[in-house]
Structures are given as C-alpha cells and as structure tokens.
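Below is one structure, written out as structure tokens; comments come after it.
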Ligand SMILES: NC(=O)c1ccc[n+]([C@@H]2O[C@H](COP(=O)([O-])OP(=O)(O)OC[C@H]3O[C@@H](n4cnc5c(N)ncnc54)[C@H](OP(=O)(O)O)[C@@H]3O)[C@@H](O)[C@H]2O)c1
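Residue numbers (my numbering): 125 to 471.
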C-alpha cells in the first residue's frame, strides 16, 4: 500500500459481506480548521452489518457509502488555522463526525480521515493505537441513556441483555461506577463462565436465557432471586421482542423503565398490561438523541469515558482485530455472534 493513497471500504449495493469492496484514492489535503488523521483503529459495530445489508438507511443513506461510525488514530497533517492540535497527537474522532451529513466526514472504514480539529478528543495514553476507535458506540451509548437521559441511582438493579455485546459490557462498568448492580443476561450458557472470567468484568451476576439445547430457560426466576423479589429497576435492552420483553415486564420493579436500544430479538405478542400496575414504562433510546443534543450534551460523556480509561477504571475487552483488507471476514465473524466484547479493524 502506498502512503500517498487513501484506502476505504465502499458498499456499492446493499447485500452480503461480498459487497464490502476496498477502493484506493488520492490522499486528501485538509482544509481550513481540519486535520488529517491516519486511522490506527476502527471500532466495528452491529450497526455496520445492518448498514451493509440495507437495514439501517437512516445512518448509511443509499449506496455507495463507506460504513463505520467510530475510529481513532494519529494526526499526520494540519489544515490552515488549526489551533489546539499538533502533528503526531493520538486522537479519537468525535462521535458526531461520522454522523453529520453536512460535515462530509463520512464512514470510518478507511485508512485516513479528514475531520474538523474541534471534533477530535485526545486519546488516553493507556489505550494502545489499535484500540482508539472503540469508545463511543459502546460506552457513550450506555452513558447517554444511563447517566445523561435517566441517571442510574445507587442501589438500583440494572438488567443488561446481550451481556457479551460491547455495549452491555460497557454499560455494566458505567452502572457499577454509579453504585448500582449490573446483572447480565446472555443467550448462550457457555458464555456465562467466559463472561465472569473476563478481566475487568463488572457484572455482579450473569444469567443464561437459553439452555445448551437452545431452549428458553425460566430466567425470570433467577432475576427474582438475585434482586430479592425487588425486580429490575432499569432494563437496558437491545433484544426487546416477544417473550423476552414479556419476561422483562414481568421482572420489572415498581416504577421501573425498559429502555429499548436495539431489535436483536424476533417480534412477537407482548402483554403490556402489567405496566399499569407497576407505573412503569417502555421507552426507546439511541445514541443519536445524545449527539443531536450537541457538544454541550455529549462532551461531558466523552470526557468521563476517556478519564475513566486513563484512570484504569474502564476496560474494553477486545476479542479480535482484523486488517482493513479482511473486512469481509470481519463482518462474517461478527455476524456469527460468538464473540465477547469488541472487534476492531486496523488499516
Ligand atoms: N440505539 C443505539 O444508539 C445503539 C448504539 C450501539 C449499539 N446498538 C445496538 O446494540 C446491540 C449490540 O450492538 P453491538 O455492536 O455491541 O453488538 P455485538 O457486540 O455484535 O453483540 C451481539 C450480541 O448480541 C446478542 N444477540 C445477538 N443476536 C441476538 C438475538 N437474536 N437475540 C438475543 N440476543 C442476541 C448476543 O449476545 P449474548 O450471546 O450475550 O446474548 C451477541 O453476542 C445491537 O442491537 C445494536 O444495533 C444500538
């Protein structure tokens, strides 16, 4: 690969992993107030798979587009008028940069990224170059809901389905830091011990929702026992459908909330009537609500997350790193759902 070329992944038609193609272009020169970052780390997210398949047009738009919602790297060129940033600094691309249509920054699956200097954050020295791109979709999604939108209170029980996902692992650390009790739910029984054994794992307990044969377990009984019949004060849930949601409603504490932030589960009939007696609610959450509220809303969250990493309190579990050229294998691997934590692409 030539240093004078930018390499990026392009989806020209919605579809399977074979639609992820690498394109080479001339290296762009940063304009006024912009920096060029040599990307060293791209965080992969479930949303990237959905975007490729045409299930997330709100984020991707129509093809052709470059997927990717987060990245980090090293500043290698400064545009005119840049102050406050220097060549060689390690930075994390701000959470709104890949999202803003009018900023023209685009998706992050690429080797170099042009971004306004003010939309970068200095990276914590403790985090290696290959992991600079994985803070926002996991930690900021959780922080936005559980610290900004509806702050978790000390002593509460917080339920975290899809416990092995990057988002839930991050949420558990944020919940614990706020003095509440995070309880993870995982759909696969073999992951219970693996999750508990993870270094820095913050779950107080992990419960399997299926047995080894794939049959649903009566996991709501475990929740009742673990919360001493109090129930879950806040479910932070990306599964959110059918019987799963019924059991969440059933185990919800008085005046509890179910925050739905993904739709991994299969649709089905849901009985919401217990919400009346419990004075409880089901609400939707997306990171977009926080980024659209502007830098004053999301920057405190970004700073909190980076400071907690710098202090060694938050830990990202990295399952595997792929080269950018291996993007097709990386998507196929993520699709299998056997990983624990974060997957990265490295250009
Ligand atoms: N609203 C937002 O702003 C926002 C932001 C970021 C992510 N998300 C959503 O958060 C979810 C996790 O994202 P991620 O990138 O962290 O994903 P990920 O690391 O790929 O996590 C996937 C995990 O979800 C669980 N899962 C997968 N399919 C499932 C199914 N059909 N039923 C139940 N559980 C299933 C599995 O965990 P277990 O085996 O442990 O159950 C799987 O390991 C996705 O739905 C994503 O769209 C939403």
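Note that beta-carbon positions come from the ideal geometry of N, C-alpha and C, so glycine has one too.
Listed as beta-bridge partners of residue 202 by DSSP are 159. According to DSSP, residue 195 shares a beta bridge with 166.
For the region 298-367, the continuous beta strand (DSSP E) assignments of 3+ residues that do not extend past its boundaries occur at 305-310, 329-332 and 356-361, in sequence order. Between residue 237 and the set 353, 176, 196 and 413, the nearest pair of CA atoms involves 196. Judged by beta-carbon spacing, residue 409 lies beyond the 8 angstroms limit of residue 442, meaning their Cβ atoms are not closer than that value. Taking the Cβ atoms as the reference, residue 267 lies roughly 6 angstroms from residue 429, within the contact range of under 8 angstroms. When C-alpha distances from residue 147 are compared across 449, 216 and 462, the shortest belongs to 449.
For residue 457, the enclosing alpha helix (DSSP H) has its first and last residue at 451-460.
Looking only at 176, 239 and 217, the smallest Cα-Cα distance to residue 204 is reached by 239. At a Cβ-Cβ threshold of 8 angstroms, residue 135 and residue 452 do not count as neighbours. With 16 or more other Cβ atoms from the protein chains shown falling within 10 Å of its own Cβ, residue 355 counts as buried. Residue 405 has its alpha-carbon roughly 45 angstroms from the corresponding atom of residue 213.
Taken from the Cβ of residue 388, at least one heavy atom of ligand 1 lies inside 7 angstroms. Inclusion of residue 332 and residue 341 in the CB contact set at 8 angstroms is warranted, their separation being smaller than that value. Taking the Cβ of residue 344 as the reference point, every heavy atom of ligand 1 lies at 7 angstroms or farther away.
It is roughly 13 angstroms from the alpha-carbon of residue 297 to the alpha-carbon of residue 320. At a cut-off of 7 angstroms, the beta-carbon of residue 336 does not count as near ligand 1: no heavy atom of the ligand is closer than that.
Distance from the CA of residue 424 to the CA of residue 276, rounded to the nearest whole angstrom, comes to 16 angstroms. Residue 257 places its beta carbon less than 8 angstroms from that of residue 165. Secondary structure of residue 212 (DSSP, three-state): coil. Counting the other Cβ atoms within 10 Å of the Cβ of residue 300 gives 16 or more, which makes it buried. In this structure residue 454 is in contact with residue 467, their Cβ atoms being roughly 6 angstroms apart against a cut-off of 8 angstroms.
The continuous beta strand (DSSP E) containing residue 283 extends over residues 281-284.
Out of 138, 133 and 171, the CA that lies nearest to the CA of residue 178 is found in 138.
Not one heavy atom of ligand 1 falls within 7 angstroms of the beta-carbon of residue 252. Relative to the non-hydrogen atoms of ligand 1, the Cβ of residue 170 comes within a distance shorter than 7 angstroms of at least one.
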